[in-house]
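Student: Next up is a structure, given as structure tokens.
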Amino acid sequence: MWYKVDHSGRSVVGFYGRHILKVDDKGRIVIPAQFRDVIRGNYGRKIFITCTVNDECLQVFPDKEWEALMAKVATLPRSSDAVKYFMRKVVGSACESEFDRHGRVVIPPILRDEVGIAADSEVVLTGLSDRIEVWERQRWERMFRPVGGEVRQYETELARLGV
Numbered sequence: 001m002w003y004k005v006d007h008s009g010r011s012v013v014g015f016y017g018r019h020i021l022k023v024d025d026k027g028r029i030v031i032p033a034q035f036r037d038v039i040r041g042n043y044g045r046k047i048f049i050t051c052t053v054n055d056e057c058l059q060v061f062p063d064k065e066w067e068a069l070m071a072k073v074a075t076l077p078r079s080s081d082a083v084k085y086f087m088r089k090v091v092g093s094a095c096e097s098e099f100d101r102h103g104r105v106v107i108p109p110i111l112r113d114e115v116g117i118a119a120d121s122e123v124v125l126t127g128l129s130d131r132i133e134v135w136e137r138q139r140w141e142r143m144f145r146p147v148g149g150e151v152r153q154y155e156t157e158l159a160r161l162g163v
């Protein structure tokens with residue numbers, strides 16, 4: 001397990017790693033045991049699935065992480081066009097879910113359609129510490145094959161940020 005330290009100084013387990021999974025004919029995926037253990041052990045069973053601002057992938061948040069994000073969003077100015085867009089796109093598309101006793105979770109058809117995930121296709125789940133991203137596999141492969149110049153640019157920026 002990987003641990004991070006939150007603002008209060010306590011250790012919190014996070015999500016990490018990448019998994020390739022098959023979507024079944026009912027639009028379900030099996031959440032990997034590694035991710036289920038983090039959710040069950042630190043959050044319970046409830047999760048929120050939503051799209052991202054740019055429609056490239058879906059995000060899965062444990063309930064407490066979703067609540068923390070919503071608390072942050074509540075402090076933002078509702079008059080901001082960016083905040084309105086975020087509210088309509090991300091918050092408006094969110095659905096509450098739980099995984100079943102087999103570790104499966106249904107990805108609603110409306111969300112699958114948003115990011116091009118078909119039943120019986122493959123997806124890539126990637127852990128991002130506080131959330132999980134769900135990518136249609138071919139889109140993932142296209143997005144994360146940067147050309148040489150982009151990689152150098154990313155390296156430079158990450159070095160500037162101290163990473």
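UniProt numbering numbers the first residue of the sequence shown as 1 and each following residue consecutively.
We put the CB at the ideal spot given by N, CA and C, even for glycine.
It should be emphasised that the depicted structure is a prediction, and the values quoted were computed from it without experimental measurement.
1. Run through DSSP, which three-state label would L69 get?
2. Applying the 10 Å Cβ sphere with the 16-neighbour rule, what's the burial state of L76?
3. Report the option in I49, H19, E96 whose CA atom is closest to the CA atom of R131.
4. Looking only at its own chain, which residues have a Cβ that is under 8 Å from the Cβ of R137, when we skip the five neighbours before and after it?
5. Quick check: the Cα distance between L161 and D25, rounded to an integer number of angstroms?
6. In the DSSP assignment, the alpha helix (DSSP H) including V38 goes from what residue to what residue?
7. Helix or strand or just coil, what does DSSP make of V13?
8. Mark Q59 as exposed unless 16 or more other C-beta atoms lie within 10 angstroms of its C-beta, in which case mark it buried.
9. Output yes or no for whether 8 Å exceeds the beta carbon distance between R139 and G116.
10. What are the start and end residues of the alpha helix (DSSP H) that includes V84?
11. Quick check on this structure: which residue in G27, F86, L158, S80 has the alpha carbon closest to the alpha carbon of residue 227?
Tutor: Taking the coordinates as given:
1. helix
2. exposed
3. I49
4. I20, S121, E122, V123, V124
5. 43 Å
6. 33–42
7. strand
8. With 16 or more Cβ atoms within 10 Å of its Cβ, Q59 is classed as buried.
9. Going by C-beta atoms, R139 is nearer than 8 Å to G116.
10. Residue 84 is actually Lys in this sequence, not Val. Start and end: 81–86.
11. Residue 227 cannot be examined here, being either before or after the span of the chain that is shown, 1 to 163.
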